[in-house]
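Q: Numbering (the UniProt record's numbering), first residue to last: 1 to 328. For every residue, glycine included, the Cβ atom is placed at its ideal position computed from N, Cα and C. Once you've had a glance at the structure underneath, I'll fire off some questions.
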Amino acid sequence: MSFDQAFVTLATNDNYAKGAMVLARSLRNHHTTSKLVVLTGPQVSDPCQSVLKKLFDEVRVVDVLDSKDTAHLAMMKRPDLGVTFTKLHCWTLTHYSKCVFMDADTLVVSNIDDLFEREELSAAPDPGWPDCFNTGVFVFQPSMATYEKLMQYSAEHGSFDGGDQGVLNGFFSSWATTDISKHLPFIYNLSSIALYTYLPAFKQYGGNAKVVHFLGQMKPWSLTFDPKAQKVRGGSQDAVASHSSFLLDWWTLYSREVLPLLQEHYGDQPFHSGCVEEEECQEASAAASEASRLSSEERRERWERGQADYMGEDSFENIQKKLDAFLK
Ligand code: UDP
Ligand code: MN
Numbered sequence: 001m002s003f004d005q006a007f008v009t010l011a012t013n014d015n016y017a018k019g020a021m022v023l024a025r026s027l028r029n030h031h032t033t034s035k036l037v038v039l040t041g042p043q044v045s046d047p048c049q050s051v052l053k054k055l056f057d058e059v060r061v062v063d064v065l066d067s068k069d070t071a072h073l074a075m076m077k078r079p080d081l082g083v084t085f086t087k088l089h090c091w092t093l094t095h096y097s098k099c100v101f102m103d104a105d106t107l108v109v110s111n112i113d114d115l116f117e118r119e120e121l122s123a124a125p126d127p128g129w130p131d132c133f134n135t136g137v138f139v140f141q142p143s144m145a146t147y148e149k150l151m152q153y154s155a156e157h158g159s160f161d162g163g164d165q166g167v168l169n170g171f172f173s174s175w176a177t178t179d180i181s182k183h184l185p186f187i188y189n190l191s192s193i194a195l196y197t198y199l200p201a202f203k204q205y206g207g208n209a210k211v212v213h214f215l216g217q218m219k220p221w222s223l224t225f226d227p228k229a230q231k232v233r234g235g236s237q238d239a240v241a242s243h244s245s246f247l248l249d250w251w252t253l254y255s256r257e258v259l260p261l262l263q264e265h266y267g268d269q270p271f272h273s274g275c276v277e278e279e280e281c282q283e284a285s286a287a288a289s290e291a292s293r294l295s296s297e298e299r300r301e302r303w304e305r306g307q308a309d310y311m312g313e314d315s316f317e318n319i320q321k322k323l324d325a326f327l328k
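Listed below in structure tokens is the structure:
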């Protein structure tokens with residue numbers, strides 16, 4: 001009997017669940033023949049769980065705290081790695097012969113079933129440190145033995161960046177030097193950050209993208225969409241403009257193919273759709289400019305807590321201005 005291949009993602013809360021839903025639709029729209037699997041946490045609401053069940057072949061609720069396996073032990077040693085342990089759970093999917101993990105903030109823009117011809121661990125370079133692979137998209141082979149080793153490794157060594165990317169780069173440490181066939185082309189995990197770091201290359205090759213990765217603080221679902229005007233709003237004009245065509249793709253798919261399912265399952269219960277009419281948009285941006293009047297002290301604190309105001313005061317443009325001033 002031959003085992004199936006699967007695309008696997010992770011969503012521990014309703015926001016990331018929206019991302020997972022859009023990802024699933026994008027994979028199906030590009031005619032994948034593989035199974036779709038989502039790992040979720042107990043925090044995902046019932047309506048979202050129901051929609052995930054419609055869009056994925058398998059929805060697996062992973063509660064690391066409740067698990068009876070090595071994950072629990074590892075978790076007690078390293079409570080800081082909560083979501084990471086949930087992600088590593090993908091190695092337990094041993095009823096699949098090979099899998100491709102994809103972050104919930106990725107969007108498929110072309111068929112990528114050829115990835116299943118690759119071996120563990122194949123991934124694309126990280127745009128910030130190209131000797132590390134980015135863990136937004138990677139090919140792996142489910143195996144309980146590997147899973148146990150990974151759990152042990154995380155508990156002992158932790159993660160140099162606090163997340164799964166640090167753990168996995170530590171564990172698969174020969175990736176950078178041993179086998180070039182395990183280096184996926186960057187177009188399989190194109191982060192919009194590349195636009196800032198190497199604009200001419202982005203212009204030259206960006207059109208060949210197969211997977212777009214909305215890496216970083218600004219996620220598509222944290223913005224708002226005006227379906228009538230077909231415009232994404234709420235971010236700094238810079239951020240929104242630079243990601244505009246990919247962001248628009250995400251929101252178009254979300255509003256056409258995911259939102260109706262959410263509406264059906266939420267029924268009369270209110271929920272945050274993210275789509276707004278023009279007037280509401282103006283209210284939202286008024287609130288945003290109110291927020292941007294925070295004192296610099298408060299802003300710094302937020303930044304340090306990882307809640308930077310990327311849309312307003314801490315937008316790329318403003319950071320650039322500060323950097324320029326600093327360099328002068
Ligand atoms: N994730 C999640 N819940 C969280 C944070 C992350 O389910 O609270 C999952 C989700 O699949 C996400 C992935 O972990 O895409 C990695 O996190 P993220 O994409 O935010 O990191 P980045 O790619 O921006 O470094
Ligand atoms: Mn990501």
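#1: Hey, Ser191 and Pro127 are a contact pair by Cβ (cut 8 Å); roughly how many whole angstroms apart?
#2: Closer than 7 Å by C-beta to Ala176: which residues in its own chain qualify, once you throw out the five before and the five after it? Chain order, please.
#3: In whole angstroms, give me the CA-to-CA distance for Asp105 and Ala20.
#4: For Asp57, which three-state DSSP category applies?
#5: Please report the residue range of the alpha helix (DSSP H) in which Gln263 lies.
#6: Our contact map puts Leu52 next to Val59 with C-beta atoms below 8 Å; I'd like the distance itself, whole angstroms only.
#7: If we count the other Cβ atoms within 10 Å of its Cβ and call it buried at 16 or more, is Thr40 buried or exposed?
#8: Please identify the residue among Gly274, Gln152 and Glu257 whose C-alpha is closest to the C-alpha of Asn29.
#9: Please indicate yes or no: does the CB of Gly158 lie closer than 7 Å to some heavy atom of ligand 1?
#10: With DSSP run on the structure shown, which of helix, strand or coil describes Cys281?
#11: Say yes only if the C-beta of Asp14 is nearer than 7 Å to one or more non-hydrogen atoms of ligand 1, and no if none qualify.
#12: Round the Cβ separation of Val22 and Leu253 to the nearest angstrom and send it over; I've been treating them as touching at under 8 Å.
#13: On the premise that Tyr188 lies in contact with Lys210, defined as a C-beta separation below 8 Å, what is that separation, rounded to the nearest angstrom?
#14: Taking Thr40 as part of the beta strand (DSSP E), name the residues at either end of that continuous run.
#15: To the nearest angstrom, report how far apart Gln217 and Asp161 are at their CA atoms.
A: Reading off the structure:
#1: Ser191 to Pro127, Cβ: 5 Å. Contact.
#2: Closer than 7 Å at the Cβ level, and outside the excluded window around Ala176, lie Asp131.
#3: Taking the Cα positions, Asp105 is about 7 Å away from Ala20.
#4: It is coil, neither helix nor strand.
#5: That run of the alpha helix (DSSP H) goes Leu259 to Tyr266.
#6: Yes, Leu52 and Val59 are in contact; Cβ-Cβ is about 5 Å, under 8 Å.
#7: Buried, because 16 or more other Cβ atoms sit within 10 Å of the Cβ of Thr40.
#8: The candidate whose alpha carbon is nearest that of Asn29 is Glu257.
#9: Result no, Cβ not under 7 Å from ligand 1.
#10: Any answer about Cys281 is weak, because its pLDDT of 47 lies below 50 and its placement is not dependable; what the coordinates show is given next. DSSP places Cys281 in helix when its eight states are reduced to three.
#11: Result no, Cβ not under 7 Å from ligand 1.
#12: Confirmed, about 5 Å.
#13: That belief holds up - the Cβ atoms of Lys210 and Tyr188 are roughly 5 Å apart, short of 8 Å.
#14: Where Thr40 is concerned, the enclosing beta strand (DSSP E) stretches over Lys35 to Thr40.
#15: When rounded, the distance between both Cα atoms is 15 Å.
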